[in-house]
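**Q** Attaching a single structure in structure tokens format; questions to follow.
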């Protein structure tokens, strides 16, 4: 509130005689002097007495307030004034750009209001010195000129003006969330707020744009956004203060300065990082919070173990690891002759398992070494900062001699023949052997996997057939002999390739053999025969749609004439072939880099095309807003925008965008549509289509009883259609509930909220099992509650609960029962009764969805077909559950029950299973016949 300067001036207006206001000083009830302006000319008619203020500068105000404090005498307490005494006076104002001095023209003044007293005094009150003060406040505005006058007109009252205050309201300067907001004058329109953007205090930066809204009463409202202290500064009492020496702060945010990690220091203020002491280092990827470390010492206790086939080197970790855990080892080898100074590197001729560099275990196996040789091995230990040190790395050294007097090498290996899975090899025996050869050892491995593993086989003859190989693959072979003196060195390496199954094999990543029933028609398909893992699993499939699909594909791609009667044997590889015309869902969690899933399944939107209009809610990760999306060449559309609040870590960002990676794979009229994402600027956003009527449960509660049954069935049909689409894609929702269904202006229902969703295995009987997370008990199937097993069948159970919510107009399932009571009741066979006004057919469908055995529940395809049947035949919705409680004596119209509900299922649902045999014996085999039962 800002007071404006004010003084009052007496203005005399002549009528029959000079009448005016008087300036009088009186004492108040506390005997303090008060200055008043009074007038009490009540005996004479036609009074017109004026009192004018000085010129008042409006300053920044657009609307001002005038507060009057006054006393007024009751006319009834004054004798002989009937008809001339008044109990009101008038308040006027006049806008001008400059003062008029003494000049006063009443015609220029605009009336603000007629002022009346809430309490008036009498002669008795005056004798008792009781002043009954009245306080009245009036608004003046909008004021457009530089200033204004106030004027008070008396028309015959006995009044004393005690005080006049003129002021305007403003939102005062304030500091909120490390942002300063200046004095702000509200708008004249009291229903409109003034948006004010704040300025970050010194050494602070915006995390989200700080905003406040100035209200008409001078109050700050709706704080949005915030500033955070910059690197090297921490928040103390609303300001950002520099970190003290010995402390640092590496990231902007409202966190405190931290003490320097071990072996580091900061001498100055406002340090973003603490520098390492001499001899200590930080690796490039080390966070500033990590202590400075140093290279490790050398390995200890280096030992070797030499046998006929390999050399095993072992050592102990260094005594000083340098304070790090990323310890690795490198092995260097030198082969020396008789003269010690004539040594050469030998890594190329030896084979180290798993390798010579970057070892994480303190052991390495050396193979392919030669007899009669001396090897020197140097083992060095390294960590993440070893390359940053200028000092030589300490190493552990050991020398090994392989002078064992072993047998000689064999001759060259040659390939005799090859097949897709085998290679036949032979070689010449050594010409000179001092001892008889016991056997030969053949070592082989895939050329592409040389450093991973190898296999070996033994033979007594100088030939061997190596089987179990992969088609069209290059292998490396070498052989050595064994005598009583031990093994010889391995022969040189020879490379041979297995054959392929057809001329297209080189193009194929996987292979399936398509063979005829008669062996003489055996044919192979390479490129066109894919490994199939899907609805039928890995099996031999005879005549089927997929067989026809593959065979036709083979003919087209390979131009190979396949026999009509073929059998396809699928290989053990797992390659998914999607159903024709239906996309297959891909779980974003299977990506090594989560951002790849975002880029693959979503569309990046330029944030300049998005206009946020208002906040409509709050989500798990931030605010949910409504707004508009402008697309070049298209009409602007309404959208909902989910924003990721500031201060997030990378994991929260991925959790936020994961839902977009899921939604981006769906394209169905009953699935919420993803418009795109904003990931390259802040805030991160997910933009989806705008659903005007919000969530289904609250929408139904707001419109209780407003819809026809056929309209409700239409909503249920849309939800089932969306769930059929998800089920066909191999996808489980896990959180299907009316709160997660959105409704647009045309009453179209769309499935949303994919935060708990998981991919379903290709096997339709498979279920997703999770070890954690909250489960919505009232909507979840028993097997999902007990064993965390989710499937399309558990979604069908949840769909039955959604049906109940829709038919009850958003009532809470199981009412006020506790979650534990719900679980126990369902286990004991209890099921929700039909809501009032629910057709029998719909409640029977609900009960079918709530079958305890999940394989007995309807598929979403069945549900959509059945609801379509009800919509085409509305008369089937006429029988209500409450009308069937007492069956009529006359047959009446036949009821249209779900085709997949049997009499036995019906008796189970109403807890009368023990009477199944009685019904069957009496000939009641269908629900239609049950409906025609008489009372007898």
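In mature numbering (1 follows the signal peptide of the UniProt record, and there is no 0), the protein residues as written are -16 to -1, 1 to 920.
Just so it is clear, CB atoms sit at the ideal spot from N, CA and C, and this is done for glycine as well.
Here the structure is a predicted model, which is why all the values come from computation and not from measurement.
Measure the alpha-carbon distance for residue 529 versus residue 917 and round it to whole angstroms.
**A** Because the pLDDT at residue 529 is just 38, under 50, the model does not fix this residue reliably, and the value given afterwards should be weighed accordingly. Near 46 Å, if we compare the C-alpha coordinates of residue 917 and residue 529.
**Q** If distances are taken between C-alpha atoms only, which option among 861, 837, 814 comes closest to residue 826?
**A** 861
**Q** Applying the 10 Å Cβ sphere with the 16-neighbour rule, what's the burial state of residue 783?
**A** buried
**Q** How many Å lie between residue 853 and residue 834 at the Cα?
**A** 21 Å
**Q** Under the three-state reduction of DSSP, which class applies to residue 628: helix, strand or coil?
**A** coil
**Q** Under DSSP, the alpha helix (DSSP H) around residue 778 begins and ends at which residues?
**A** First-last of the alpha helix (DSSP H) with residue 778: 776 to 791.
**Q** Less than 8 Å between the C-beta atoms of residue 695 and residue 726, yes or no?
**A** no
**Q** Is residue 762 helix, strand or coil by DSSP?
**A** helix
**Q** CA-CA distance, residue 723 and residue 646?
**A** 19 Å
**Q** Please work out which residues of its chain come closer than 6 Å, Cβ to Cβ, to residue 798, disregarding the five sequence neighbours upstream and downstream, and give them in chain order.
**A** Excluding the 5 residues flanking it on each side, residue 798 has same chain C-beta neighbours closer than 6 Å at 762, 806, in chain order.
**Q** Indicate the three-state DSSP secondary structure (helix, strand or coil) for residue 19 in the structure shown.
**A** strand
**Q** Would you call the stretch 335 to 346 and the stretch 392 to 408 in contact, with 3 or more CB pairs under 8 Å?
**A** no
**Q** In chain order, which beta strand (DSSP E) runs of at least 3 residues are fully inside the stretch 224 to 290?
**A** Runs of the beta strand (DSSP E) lying entirely within the stretch 224 to 290 and spanning at least 3 residues, in chain order: 284 to 290.
**Q** With H, G and I counted as helix, E and B as strand and the rest as coil, what does DSSP make of residue 845?
**A** Assigned with DSSP and collapsed to three states, residue 845 falls in helix.
**Q** Please classify residue 89 as buried or exposed, where buried requires at least 16 other C-beta atoms within 10 Å of its C-beta.
**A** exposed
**Q** Which stretch, first to last residue, makes up the beta strand (DSSP E) that contains residue 39?
**A** It is not in any beta strand (DSSP E) - residue 39 carries neither H nor E in the DSSP assignment.
**Q** Can you tell me whether DSSP reads residue 903 as helix, strand or coil?
**A** helix
**Q** Quick one: grab the DSSP three-state call for residue 724.
**A** Correct three-state label for residue 724: helix.
**Q** In terms of residues, what are the limits of the alpha helix (DSSP H) holding residue 825?
**A** 824 to 833
**Q** Mind pulling the alpha helix (DSSP H) runs of 4 or more residues that sit fully within the stretch 582 to 610?
**A** The DSSP assignment places no complete alpha helix (DSSP H) segment of no fewer than 4 residues inside the stretch 582 to 610.
**Q** Whose C-beta lies closer than 8 Å to the C-beta of residue 801 among residues of the same chain, with five residues either side of it excluded?
**A** 809
**Q** With H, G and I counted as helix, E and B as strand and the rest as coil, what does DSSP make of residue 207?
**A** Judged by DSSP in its simplified three-state form, residue 207 adopts strand.
**Q** Applying the 10 Å Cβ sphere with the 16-neighbour rule, what's the burial state of residue 214?
**A** In summary, residue 214 is buried, with 16 or more beta-carbon neighbours lying within 10 Å of its beta-carbon over all protein chains present.
**Q** Which two residues bound the contiguous alpha helix (DSSP H) that contains residue 686?
**A** Run containing residue 686: 680 to 686, per the alpha helix (DSSP H) assignment.
**Q** Kindly indicate the opening and closing residues of the alpha helix (DSSP H) around residue 647.
**A** 634 to 647
**Q** Take residue 464 and list the residues in its own chain whose beta-carbon comes closer than 6 Å to its own, dropping the five residues that flank it on each side.
**A** 425, 471, 472, 474
**Q** Candidates 627, 572, 621, 583: which alpha carbon is nearest residue 602's?
**A** 627
**Q** Going by C-alpha to C-alpha distance, which of 326, 315, 376, 428 sits closest to residue 382?
**A** 315
**Q** Would you give the residue range spanned by the alpha helix (DSSP H) that residue 939 belongs to?
**A** Outside the modelled stretch of the chain, which goes from -16 to 920, sits residue 939, for which no answer is possible.
**Q** On the premise that residue 794 lies in contact with residue 685, defined as a C-beta separation below 8 Å, what is that separation, rounded to the nearest angstrom?
**A** Confirmed, Cβ separation roughly 4 Å.
**Q** Assign residue 648 to buried or exposed, taking buried as 16 or more other Cβ atoms, counted over all protein chains shown, within 10 Å of its Cβ.
**A** That one is buried.
**Q** By the three-class DSSP mapping on this structure, what secondary structure does residue 850 have?
**A** helix
**Q** Three Cβ pairs or more, each shorter than 8 Å: is that satisfied between the stretch 604 to 614 and the stretch 570 to 583?
**A** no
**Q** Taking the beta carbon of residue 86 as the centre, do at least 16 other beta carbons fall within 10 Å, making it buried, or is it exposed?
**A** exposed
**Q** Does residue 899 pass the burial test, meaning 16 or more other C-beta atoms within 10 Å, or should it be called exposed?
**A** exposed
**Q** Roughly how many angstroms separate the alpha carbons of residue 157 and residue 168, rounded to a whole number?
**A** 8 Å
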